[in-house]
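To keep things clear, I will list the structure first and then write my remarks on it.
In our numbering, the protein residues as written are 8 to 98.
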């Protein structure tokens, strides 16, 4: 059985509480992070290496930071319409 990088990422965080493990960004996450942190156009997202470097500032809490970012994005989506985010997610 093979696991995708994102699956490993979720397991390390949710099951084993490795809050510092963050070394993979999928293309759709790249677009979301680029918009949230650099206000980049969805068609021209920030390079993945630039995003990974950005998250280094959170040290041993990189993955925990990403989790909170997702929680905040979904909470905001629940309470307000975010057109650019709607384009990127499958509902």
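For every residue, glycine included, the Cβ atom is placed at its ideal position computed from N, Cα and C. Model, not experiment: these values are computed from the prediction.
Using 8 Å as the threshold, is the segment 71–80 in touch with the segment 48–61, meaning 3 or more CB pairs across them? By the C-beta criterion, the segment 71–80 is judged not to be in contact with the segment 48–61, since fewer than 3 inter-stretch pairs fall below 8 Å.
Let me know the secondary structure DSSP gives residue 9 once reduced to three states. Collapsing the DSSP output to three states places residue 9 in coil.
What's the C-alpha gap between residue 45 and residue 64? About 15 Å.
Leaving aside the five residues before and after residue 39 along the sequence, list all residues of the same chain whose C-beta is less than 8 Å from its C-beta, in chain order. So the list reads 80, 92, 95, once near-sequence residues are dropped.
Span separating the alpha-carbon of residue 83 from that of residue 9: Answer to the nearest angstrom: the Cα atoms are 34 Å apart.
At 4 residues or longer, and completely inside the segment 51–92: list those alpha helix (DSSP H) runs for me, N to C. Counting whole runs of 4 or more residues, the segment 51–92 contains the alpha helix (DSSP H) stretches 55–62, 69–86.
What's the call for residue 69, buried or exposed, on a 16-neighbour Cβ count within 10 Å? Residue 69 comes out buried.
Coil, strand or helix - residue 41 by DSSP: It is helical.
Alpha carbon to alpha carbon, what distance is there between residue 43 and residue 87? Residue 87 and residue 43 have their C-alpha atoms spaced approximately 15 Å apart.
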